[in-house]
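Sequential numbering from 1 applies to the sequence shown in the UniProt record's numbering.
Some notes on the structure that comes next.
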Amino acid sequence: MAALRETTAEAHQALERTVDLPRRLESATSYRRFLEAFLGFYEPVEDRLRSIRELEAVGIAPERLQKSKLLKSDLTRLGTSGQSLAQLPRCQDLPSLQGVPAALGTLYVLEGATLGGQLVRREVERRLADFPECGHSFFSSYGPRVGAMWKAFGDCVSAYVANDPGSDGLIVDSAVGTFQSMQRWLEHALKS
Numbered sequence: 001m002a003a004l005r006e007t008t009a010e011a012h013q014a015l016e017r018t019v020d021l022p023r024r025l026e027s028a029t030s031y032r033r034f035l036e037a038f039l040g041f042y043e044p045v046e047d048r049l050r051s052i053r054e055l056e057a058v059g060i061a062p063e064r065l066q067k068s069k070l071l072k073s074d075l076t077r078l079g080t081s082g083q084s085l086a087q088l089p090r091c092q093d094l095p096s097l098q099g100v101p102a103a104l105g106t107l108y109v110l111e112g113a114t115l116g117g118q119l120v121r122r123e124v125e126r127r128l129a130d131f132p133e134c135g136h137s138f139f140s141s142y143g144p145r146v147g148a149m150w151k152a153f154g155d156c157v158s159a160y161v162a163n164d165p166g167s168d169g170l171i172v173d174s175a176v177g178t179f180q181s182m183q184r185w186l187e188h189a190l191k192s
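Structure follows, in structure tokens:
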């Protein structure tokens, strides 16, 4: 996982610059737009990941592919109607998800965002304390199990690479591609 983190660091940093978290937490409205943009990426990616049946066989539990439901819950708390949720734009420029190695690379990005979500949750609580309707279940998706879930994911990736040594390059390529796809989507979706 350390090599994966090092190899994807530049793409990860570019995505973080695009996110510009302080700006996204300036108000309940900017936070809502931020969550809408995330939903537009997560939902179609999770749909594609769920279609890769082999993921469960390598230890990826279906609960890892439920974060778009949490985004919808948070947006509903912010007053977004079900009809409005359905009409939000969805990303079409998705990362390539051909097989388990590509799925693991994409999941590296999504699971890493879940790990980093702890920081975001604390910032939401601090910056938007006057807006109790600002749900953060998406950023708290695994609750106190987040560290254990990250470790278990890393163990799945390590075991997969140990059984298929040539897959590590595919996993890295997919992770970089996912960071880039997400960055392009957020640049588009968060335009002011």
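Cβ coordinates follow ideal geometry from the N, Cα and C atoms, glycine included.
- Cβ neighbours of Arg48 within its own chain (closer than 7 Å, five residues either side excluded): Leu94, Leu97.
- A contact is defined here as three or more CB-CB pairs under 8 Å, and the segment 161-179 fails this definition with respect to the segment 141-150.
- The DSSP-derived three-state label of Asp130 is coil.
- By the CB criterion at 8 Å, Val146 and Thr106 fall outside the cutoff.
- With the rule of 3 Cβ pairs closer than 8 Å, the segment 28-44 counts as touching the segment 65-78.
- Using a Cβ distance threshold of 8 Å, Leu170 and Thr18 do not count as a contacting pair.
- Judged by DSSP secondary structure, Ala9 falls within the alpha helix (DSSP H) whose first and last residues are 2-19.
- Comparing alpha carbon positions, the residue from Cys156, Ser73, Asn163 closest to Gly59 is Cys156.
- Counting only runs of 3+ residues, no beta strand (DSSP E) is found wholly inside the segment 55-136.
- Residue burial annotation: Ala3 is exposed, with fewer than 16 other C-beta atoms found within 10 angstroms of its C-beta.
- In this structure, Ala11 sits away from Ile52, with a CB-CB distance that is not shorter than 8 Å.
- Scanning its chain for C-beta atoms nearer than 8 Å, with the 5 sequence neighbours on each side dropped, one finds around Gly40 the residues Leu88, Pro89, Arg90, Cys91, Trp185, Ala189, in chain order.
- Taking C-alpha positions only, Gln180 is separated from Asp20 by approximately 16 Å.
- DSSP, reduced to helix, strand and coil, places Lys191 outside both helices and strands of the structure shown, so it counts as coil.
- Between the C-alpha atoms of Ala86 and Leu71 there is a straight-line separation of about 13 Å.
- Per DSSP, reduced to three states, the secondary structure at Arg33 is helical.
- The beta carbons of Leu128 and Leu25 sit about 6 Å from each other, so the pair counts as a contact at 8 Å.
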